[in-house]
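Some notes on the structure that comes next.
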Amino acid sequence: MSSPLDTAPLTDPVDRAEVRAFSAELRRQGVLRGRVVPFILFGLGATLFVFVFGSVLVSLIATLVDGGSGSGLLLIPLLVVGAVVAWGLSRAFAHAAARRYRLDRFARANGMTWHPGFADPSLPGMIFDLGHDRESRDLVRRRAPRFVEVGNYSYQTGSGKNETTHKWGYVALRLDTPLPHIVLDAVGNNGLFGASNLPVSFGRGQRLSLEGDFDRHFALYCPEGYERDALYLFTPDVMARFVDNAAALDVEIVDDWLFLYAKRDLSTLDAATWQWLFATLAALDDKLAQWARWRDERLAASAPAVAAPGGGAAGGGAAGGIPLLTPPPAGVARPGRRLRRGFSWITGVFVVLGVGWWLLTVLADVFVR
């Protein structure tokens, strides 16, 4: 951003009446209806659970102490737990409402907008087509000079006792032209034994090594056959910008979007996070502008042929030795649109261990009998 980022609205005291009015307006617009139900269900469930088991416990204690029925004490757990749950829900609602209000005021103070989020957002990044119950939250958007969206995102995998919630923070930047699918897997945020923290893996044949110390910070993946294009896009000065400013983030270029990913909330009330994000965006933005000139030569055959002046009729093509003036159209040929996904060796280890454990139990059962 050209002007300094104003982060004061993130921490300034808020007027409760204004917060309530803001939440009422959001409910009137119908964007918060789905967010209240889980809190209410949780509160009712907790109240019912403690009432049933608490009543049994109190009744048992009363019987042991004085031999009475203890029926008069049965309401005590309900009253106490009901009051605690009501207080907890009130605090949770108040905190969530103040958070929304602060983020909205922060966005407005910096020429941006805030939105509570969407179910199943239609973005092409790798994290947005996994699992179920997909939801984006707290979206802060800037329209110019380049569209930027900062948000939090979650999805679930599995079901029942094995259900897992995966949470991400992301930054989405709109590019000037579609580019080949490229992923920069940050080395610094890898897990145990250097395993990637990305939710998907890619075929090793798509790994491209770049010059300098770039490989110490990122593992770059590009579609096979697009290595030269990746080198065109990631010139030494562009690589330096990513290393200096985005080494803590995973990066994905897909279609005409660039995504930055983190395994934590990025749309937050933490002023330092926003300062870091927009400093990163400012450092990358001028380098991203030079990518607008890239064209996929594989699409040249589909472009209408225009001959050089005096070189003959248009449409003669290269076969007649006539130089063509028309560049390839914007876009990416099919082989470059998506990386080929691979199989993680960590997943393979767990599969082998699982099969081994199953065989061990079967053999043990056979020999015990």
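Per the numbering used here, the very first residue in the sequence shown carries number 152; after that it's consecutive. For each residue, glycine too, the CB sits at the ideal point set by N, CA and C.
Does the beta-carbon of residue i have 16 or more other beta-carbons within 10 angstroms, so that it is buried, or is it exposed?
i, result
"histidine 406", "The displayed chain sequence assigns aspartate, not histidine, to residue 406. Classification of aspartate 406: buried, given that the 10 Å Cβ count is 16 or more."
"glycine 181", "exposed"
"aspartate 447", "buried"
"glycine 530", "Residue coverage of the chain in this structure runs from 152 to 520, which leaves residue 530 outside it and unanswerable."
"histidine 283", "exposed"
"glutamate 300", "buried"
"asparagine 313", "exposed"
"threonine 498", "Residue placement at threonine 498 cannot be trusted, given a pLDDT of 48 that sits under 50; the coordinates are not used to answer."
"glutamine 357", "buried"
"proline 160", "buried"
"aspartate 380", "buried"
"glycine 302", "buried"
"proline 374", "buried"
"aspartate 255", "buried"
"aspartate 166", "exposed"
"proline 164", "exposed"
"arginine 491", "exposed"
"serine 273", "exposed"
"alanine 168", "exposed"
"threonine 424", "buried"
"arginine 251", "buried"
"threonine 431", "buried"
"serine 154", "exposed"
"alanine 397", "buried"
"alanine 323", "buried"
"phenylalanine 279", "buried"
"glycine 471", "Only weak support exists for where glycine 471 lies, its pLDDT of 44 falling under 50; the coordinates are left without a value."
Where does the unbroken alpha helix (DSSP H) through residue i begin, and where does it stop?
i, result
"glutamine 426", "422 to 440"
"glycine 302", "Unbroken run through glycine 302 is the beta strand (DSSP E), 299 to 308; no alpha helix (DSSP H)."
"aspartate 485", "The question names aspartate, but residue 485 in the sequence shown is arginine. Its alpha helix (DSSP H) spans residues 485 to 488."
Look at residue i and residue j and say whether their C-beta atoms are less than 7 Å apart.
i, j, result
"valine 483", "proline 275", "no"
"leucine 349", "leucine 359", "no"
"asparagine 261", "aspartate 416", "no"
"serine 287", "glycine 268", "yes"
"valine 334", "glutamate 378", "no"
"leucine 281", "histidine 266", "no"
"phenylalanine 385", "alanine 337", "no"
"phenylalanine 257", "tyrosine 321", "no"
"valine 253", "leucine 420", "Here residue 253 turns out to be arginine, not valine, going by the sequence shown. Contact: yes."
"aspartate 271", "arginine 259", "no"
"proline 479", "leucine 450", "yes"
"phenylalanine 365", "methionine 390", "yes"
"aspartate 327", "alanine 399", "no"
Specify, as a first and last residue, the run of the beta strand (DSSP E) that residue i falls within.
i, result
"proline 329", "315 to 337"
"glutamate 448", "No beta strand (DSSP E) holds glutamate 448; DSSP gives it neither H nor E."
"leucine 290", "283 to 293"
"threonine 419", "Looking at the DSSP string, threonine 419 is not in any beta strand (DSSP E), and its letter there is neither H nor E."
"threonine 264", "264 to 266"
Closer than 6 Å: is that where the CB of residue i sits relative to any heavy atom of the ligand SAM?
i, result
"methionine 263", "The ligand SAM is absent from the structure shown, which contains no ligands of any kind."
Quick one: measure Cβ to Cβ for residue i and residue j, integer angstroms, because I've assumed they're closer than 8 Å.
i, j, result
"histidine 332", "arginine 171", "Going by Cβ atoms, the distance from histidine 332 to arginine 171 rounds to 46 Å, so no, they are not a contact pair."
"methionine 263", "arginine 297", "Rounded, the Cβ-Cβ distance is 13 Å, inconsistent with contact."
"tyrosine 412", "aspartate 401", "4 Å"
"leucine 435", "arginine 392", "6 Å"
"glycine 174", "alanine 248", "Before going further, note that residue 174 is serine rather than glycine in the sequence given. Yes, serine 174 and alanine 248 are in contact; Cβ-Cβ is about 5 Å, under 8 Å."
"tryptophan 319", "lysine 414", "6 Å"
I want to see whether chain B comes within less than 7 Å of residue i, judged by CB atoms only; does it?
i, result
"alanine 399", "The structure shown contains no chain B; it is built from a single protein chain."
Ordered list of beta strand (DSSP E) runs contained in the segment 348 to 410, each at least 3 residues
List check, beta strand (DSSP E) in window: 369 to 372.
Give, in chain order, every unbroken run of the alpha helix (DSSP H) that is at least 4 residues long and sits entirely within the segment 153 to 182.
Fully enclosed alpha helix (DSSP H) runs of 4 or longer: 167 to 180.
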